[in-house]
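Chemist: Mind having a look at this structure? Questions to follow.
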Amino acid sequence: MTQVIAGVKIPDSTSAREAAELVHQYENEMLFNRSVVSVAALFHDLGLVNHFHTQTKLFEVDGAAAAREFLEGHGIR
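Per the UniProt record's numbering, the very first residue in the sequence shown carries number 1; after that it's consecutive.
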């Protein structure tokens, strides 16, 4: 069964389901929902590229800033 969280369709494969089941055993609902929104993974390393990289922050923070800007631009908070 395909799951949708915050408007994002979560991949539905055997490995994705097994990973989700394992993680869900340990994380609370809020943390789990954050973890399974796959779009976040797309932005994780974005701070490594020149367009998004800053000299003052870690690349993960730059990637998070890009994700926040993207989500806010799409009306998602």
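All C-beta atoms in this analysis are idealised placements derived from N, C-alpha and C, irrespective of residue type, glycine included.
Since the structure is predicted, the reported quantities are computational estimates derived from the model, not experimental observations.
(1) How should D12 be labelled, buried or exposed, when 16 other C-beta atoms within 10 angstroms of its C-beta is the threshold for buried?
(2) Let me know the secondary structure DSSP gives V37 once reduced to three states.
(3) Are the CB atoms of F59 and H53 nearer to each other than 9 Å?
(4) Can you give the Cα-Cα distance for F43 and M30, rounded to whole angstroms?
(5) Taking its Cβ as the centre, do 16 or more other Cβ atoms sit within 10 Å of L46, making it buried, or is it exposed?
(6) May I ask you to report which of helix, strand or coil DSSP gives V23?
(7) Got a sec, what are the start and stop residues for the alpha helix (DSSP H) L71 sits in?
Modeler: Looking at the coordinates:
(1) exposed
(2) coil
(3) yes
(4) 19 Å
(5) buried
(6) Residue state, collapsed to three classes: helix.
(7) F59 to G73
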